[in-house]
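Numbering (this note's numbering), first residue to last: 3 to 186.
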C-alpha cells in the first residue's frame, strides 16, 4: 500500500500553484554549487532542470550555477530567480521571471507588466533574462493561442512534464525530490 501521497490531502483546494512554486524554488536552489556534496544526484538533476529553463544562455554540463536566490510572489511574480552562471571561467548574471498557472488563464497585461517590472529593476545591471510561463502538463499546456501570446511577449512556454523529461528515469533516493518530479 505504501505511505500516503505527500502533495495530496483531503482539501478541496490543493493550492497547486503554491506547491509548485515552493518546490521549484527548492529545486533551483539545490542546483547551487554549494550543495553539490550534500546530494550529488539531486544537485545534478536540479542543474538539468535549470539548463532546460535557461535556453538563451550558452550552457554546458560543466557550467556552474551559484549565488542562486529565489523570491516567491515578489511584485506578484510567482518566482523571481537570480543566479550567476559560470561557463569556462566566465561569469554571467541571470534572472528568471516565472509565471506558473495551474487552471487560470493569463490576465490582460499580466505578462507585459511582469516583464516591465523586471527590466526596470535591472535597468543598471548587465543581467540576461529568461521569461517563463509554466503549465502543469502537456494536456493543459496545449493551448495554442496562449502559447502564441507567450512567445509574442518573449516568454518561454513550458510545462512541468517537459522539465521532468530533462531528467533521467533513475530516482534520486531523496524522497521529496522523487515524490514531486517522479510520482506526483
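Just so you know, even glycine gets a beta-carbon here, dropped at the ideal spot from N, CA and C. Keep in mind that this is a model prediction, so the values were computed, not measured.
If you measure between the beta carbons of residue i and residue j, is that distance less than 9 Å?
i           : j           : result
residue 55  : residue 169 : no
residue 117 : residue 135 : no
residue 21  : residue 179 : no
residue 163 : residue 127 : no
For residue i, which residues in the same chain have their Cβ closer than 8 Å to its Cβ, ignoring the five residues on either side in sequence?
i           : result
residue 69  : 34, 84, 85 and 86
residue 80  : 19, 23, 74, 100, 101 and 102
residue 155 : 113, 114, 117 and 133
Excluding sequence positions up to five away, which residues of its chain have a Cβ less than 6 Å from the Cβ of residue i?
i          : result
residue 43 : 174
Assign residue i to one of three DSSP states: helix, strand, or coil.
i           : result
residue 82  : strand
residue 137 : strand
residue 132 : strand
residue 171 : coil
residue 186 : coil
residue 70  : strand
residue 119 : helix
What does a CB cutoff of less than 7 Å around residue i pick up in its chain, not counting 5 residues either side in sequence?
i           : result
residue 129 : 95, 96 and 97
residue 166 : 183
residue 65  : 87, 88 and 89
residue 67  : 33, 34, 35, 49, 52, 85 and 87
With hydrogens ignored, establish whether the beta-carbon of residue i is closer than 8 Å to any heavy atom of the ligand NAD.
i          : result
residue 42 : Here there are no bound small molecules, and the ligand NAD is not part of this structure.
The alpha helix (DSSP H) with residue i in it runs from where to where?
i           : result
residue 30  : 18-32
residue 151 : 146-154
residue 179 : 177-180
Looking at the secondary structure, which residues open and close the beta strand (DSSP E) in which residue i lies?
i           : result
residue 93  : 92-102
residue 159 : 157-161
residue 36  : Element bounds for residue 36: n/a, residue is neither H nor E.
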